[in-house]
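*Asks:* Before anything else, here's the structure in question.
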Amino acid sequence: MTQRNPIVIIVLMLVSCGLYAFYYTYETTKELLAFLGRDDVDPTTELIINLLTCGLFGMYVEYRNQQMIDAWYQSQGLQHEAKAQLVGLCNLGTFFIGATWLVATYVHVEELNELGTSSASPTTI
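If you want it as structure tokens, here you go:
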């Protein structure tokens, strides 16, 4: 799994007016599925749905991906604080507060980084 700086990811999303979020969601979903050895989800189809819903589906994808991370830790019997609910609630909070997606993205990037360090040899950007 590629190690990412959560601040850089958030800045890229802000500077690109959200367009980077589509790329980020696509790439991280692809990496996560490869790490987990799953092929039941098609990141390309999800990208298209995400584009058609103007990013709303991306909120669900981020939550679902976090659920997959939490489930992996549980299946390995490793101590891990489940954060899928936090990511989901922060994404839902965006409709009321506006900026809580920043917290959800930060937490999710950190979780992906942590998952990457548990694998054999993560790459860094």
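Going by my numbering, the first residue of the sequence shown is number -5, and it counts up by one from there.
Glycine residues also receive a C-beta, built at the ideal position from the N, C-alpha and C atoms.
Any chance the stretch 16 to 24 sits against the stretch 32 to 45, with 3 or more Cβ pairs inside 8 Å?
*Replies:* yes
*Asks:* Under the three-state reduction of DSSP, which class applies to residue 70: helix, strand or coil?
*Replies:* It is coil, neither helix nor strand.
*Asks:* Run through DSSP, which three-state label would residue 88 get?
*Replies:* coil
*Asks:* Throw me the rounded Cβ distance for the residue 23 and residue 110 pair, which I believe falls under 8 Å.
*Replies:* About 14 Å separates the two Cβ atoms, so there is no contact after all.
*Asks:* Tell me whether residue -4 sits in a helix, a strand or coil according to DSSP, three-state version.
*Replies:* strand
*Asks:* Find out if the Cβ-Cβ distance for the pair residue 102, residue 70 is shorter than 7 Å.
*Replies:* no
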